[in-house]
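Going by the working numbering, the letters in the sequence shown line up with residues 36 to 456, in that order.
Cβ coordinates follow ideal geometry from the N, Cα and C atoms, glycine included.
Just so we're clear, the structure is a prediction, and the values are computed from it rather than from any experiment.
To keep things clear, I will list the structure first and then write my remarks on it.
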Amino acid sequence: MKVDVLLGLQWGDEGKGKVVDVLTPKYDVVARFQGGPNAGHTLEFDGKKYVLRSIPSGVFQHGQINIIGNGVVLDPVLFREEAESLCQSGIDLKKVLKISKKVHLIMPTHRLLDAANELLKGDAKIGTTGKGIGPTYTDKIGRNGIRVGDILLDFDAKYEIAKEKHLKMLEALTGSRPNINDAEAKWFDAIQYLKEYQLIDSEHYINKLINDGKSVLCEGAQGSLLDVDFGSYPFVTSSNTICAGACTGLGVAPSKIGEVYGIFKAYCTRVGSGPFPTELFDETGKKIRQIGHEYGAVTGRERRCGWIDLVALRYTIMLNGVTQLIMMKSDVLDTFPVIKACTAYSTPDGVISDFPYNIDNNISPIYTELPGWNTDLSKATSPEDFPKEFNDYIHFLEKELSVPITIVSVGPDRTQTIIRK
Numbered sequence: 036m037k038v039d040v041l042l043g044l045q046w047g048d049e050g051k052g053k054v055v056d057v058l059t060p061k062y063d064v065v066a067r068f069q070g071g072p073n074a075g076h077t078l079e080f081d082g083k084k085y086v087l088r089s090i091p092s093g094v095f096q097h098g099q100i101n102i103i104g105n106g107v108v109l110d111p112v113l114f115r116e117e118a119e120s121l122c123q124s125g126i127d128l129k130k131v132l133k134i135s136k137k138v139h140l141i142m143p144t145h146r147l148l149d150a151a152n153e154l155l156k157g158d159a160k161i162g163t164t165g166k167g168i169g170p171t172y173t174d175k176i177g178r179n180g181i182r183v184g185d186i187l188l189d190f191d192a193k194y195e196i197a198k199e200k201h202l203k204m205l206e207a208l209t210g211s212r213p214n215i216n217d218a219e220a221k222w223f224d225a226i227q228y229l230k231e232y233q234l235i236d237s238e239h240y241i242n243k244l245i246n247d248g249k250s251v252l253c254e255g256a257q258g259s260l261l262d263v264d265f266g267s268y269p270f271v272t273s274s275n276t277i278c279a280g281a282c283t284g285l286g287v288a289p290s291k292i293g294e295v296y297g298i299f300k301a302y303c304t305r306v307g308s309g310p311f312p313t314e315l316f317d318e319t320g321k322k323i324r325q326i327g328h329e330y331g332a333v334t335g336r337e338r339r340c341g342w343i344d345l346v347a348l349r350y351t352i353m354l355n356g357v358t359q360l361i362m363m364k365s366d367v368l369d370t371f372p373v374i375k376a377c378t379a380y381s382t383p384d385g386v387i388s389d390f391p392y393n394i395d396n397n398i399s400p401i402y403t404e405l406p407g408w409n410t411d412l413s414k415a416t417s418p419e420d421f422p423k424e425f426n427d428y429i430h431f432l433e434k435e436l437s438v439p440i441t442i443v444s445v446g447p448d449r450t451q452t453i454i455r456k
């Protein structure tokens with residue numbers, strides 16, 4: 036049995052949560068493999084809207100096992116808030132959710148370090164959400180982190196060592212030692228709540244499930260263009276968001292990877308700082324934002340909007356070994372008379388079609404224009420309902436990207452998901 040991977044191909048916010056929810060009935064297990072509570076996966080069904088930050092998006096279906104894998108960083112306070120909200124909605128979370136002992140914990144001081152480091156960057160700010168994600172991964176790589184499994188061992192001593200180190204760093208950065216007593220008390224209460232869940236050696240657990248013939252869907256967070264190695268560095272997240280991150284974030288061998296679902300929007304968005312070759316600063320960009328409700332699910336920040344970038348998509352498809360494409364928010368473009376797609380970049384050294392090392396202001400997108408479909412796609416229930424112009428757009432993308440588009444989303448609800456196979 037292979038594990039399938041689902042991840043975003045752009046700068047995040049592609050709609051991964053909805054697709055995981057739609058695909059979950061096909062799987063026995065859904066496992067989140069990286070990222071932290073800066074990632075908001077939005078799901079809508081039965082007239083209700085849910086935003087998940089750390090908990091896998093498979094918890095709403097039919098009792099499948101959901102796992103928070105070792106590649107994730109977890110804020111106990113935010114986890115508790117999210118978990119209690121789901122439990123109030125009728126989800127028996129303690130029955131279906133398991134947490135890896137190797138998950139690294141976000142401490143109250145990590146959030147303070149995040150804010151202090153961002154402030155010191157001045158005009159070179161990354162645009163962090165301030166959730167403490169970066170400093171937690173920094174401690175992980177620096178071998179100073181504390182993990183979920185530590186709460187079952189000599190936790191207090193480990194915590195005090197890590198906290199004191201952070202307080203000294205904050206004093207050096209800001210000139211004073213912050214008072215964290217209130218935040219710390221809330222954090223330790225949340226640690227006790229965390230103990231109520233099943234804490235597992237997830238790498239053994241998942242591989243035993245695979246060997247027993249169980250089907251596993253690996254859920255990524257953020258997007259491939261935010262990958263710490265291959266994204267638009269330094270304007271990236273602190274983890275590996277590409278398919279390889281599923282192997283390290285869950286303890287799954289590369290030979291076990293099966294289907295790779297790559298999710299993208301019919302246009303492109305980005306939150307925070309960093310290059311964005313197809314960004315629109317005109318009324319068209321504003322119209323996409325308004326129609327698409329392009330605001331961060333966790334932060335509420337406005338998303339920058341632009342036309343689809345096929346140079347970047349070809350790059351992330353290559354990195355991930357994508358076998359199936361899923362196009363989201365097609366309906367947002369319903370009223371545009373002309374749809375543009377960037378197929379190459381113009382640079383001082385000539386035209387390029389490969390994603391370059393540096394995406395700076397010297398790059399200009401080269402567009403192909405296609406006629407809009409001027410049809411309300413949200414009413415479509417099957418591929419037969421698609422107008423010719425929309426089918427032409429899909430076929431154009433498939434030809435450019437050399438991967439089939441097997442699922443098309445035409446609205447936010449789980450029912451507005453059309454299979455093209």
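For the alpha helix (DSSP H) containing GLU294, list its first residue and its last residue. Here GLU294 belongs to no alpha helix (DSSP H); instead the beta strand (DSSP E) covers 292-300.
Starting from ALA376, trace the beta strand (DSSP E) both ways and give me its first and last residue. 373-382
DSSP bridge partner residues for THR304 (one or two, in chain order): CYS340
Would VAL55 and GLU254 be called neighbours here (beta carbons separated by less than 7 Å)? yes
DSSP three-state call for VAL112: helix, strand or coil? helix
With which residues is LEU132 paired in a DSSP beta bridge? According to DSSP, LEU132 bridges with ASN101.
Which residues in the same chain have their Cβ closer than 8 Å to the Cβ of PRO391, if we skip the five residues on either side of it in sequence? TYR380, THR382 and ILE398
In chain order, what residues of the same chain have a beta carbon less than 6 Å from the beta carbon of GLY284, not counting five sequence neighbours either side? PHE68, GLN69, GLY104 and GLY106
Under three-state DSSP, which class holds ALA66? strand
Considering only the beta carbon of each residue, do THR272 and SER259 sit closer than 7 Å? Contact: no.
Among PHE95, VAL287, TYR85 and ASP127, which has the Cα closest to the Cα of GLU231? The option with the nearest alpha carbon to GLU231 is ASP127.
Check whether the region 173-182 touches the region 131-143, counting contact only when three or more Cβ pairs, one atom from each stretch, lie closer than 8 Å. yes
In three-state DSSP terms, what is SER120? helix
How would you write the range of the beta strand (DSSP E) that ASP39 sits in, first residue to last? 38-43
Can you give me the C-alpha to C-alpha distance between GLY331 and ARG338, rounded to a whole angstrom? 7 Å
Is it the case that the Cβ atoms of MET363 and GLY50 are separated by a distance below 7 Å? yes
Inter-residue spacing [alpha-carbon to alpha-carbon] between ASP262 and GLY327: Distance between the alpha carbons of ASP262 and GLY327: 24 Å.
Distance between beta carbons of SER365 and LEU412, contact taken as under 8 Å: Between SER365 and LEU412 the Cβ distance is about 6 Å, and since that is below 8 Å, they are a contact.
Do the region 186-195 and the region 204-213 touch if we need at least three Cβ pairs shorter than 8 Å? no
Which full runs of the alpha helix (DSSP H) of 4+ residues lie inside the region 245-296, going along the chain? List check, alpha helix (DSSP H) in window: 279-285.
Beta-ladder partner(s) of TYR330, from DSSP: GLU337
Assign ASN355 to buried or exposed, taking buried as 16 or more other Cβ atoms, counted over all protein chains shown, within 10 Å of its Cβ. buried
Bridge partners of SER444, per DSSP? THR452
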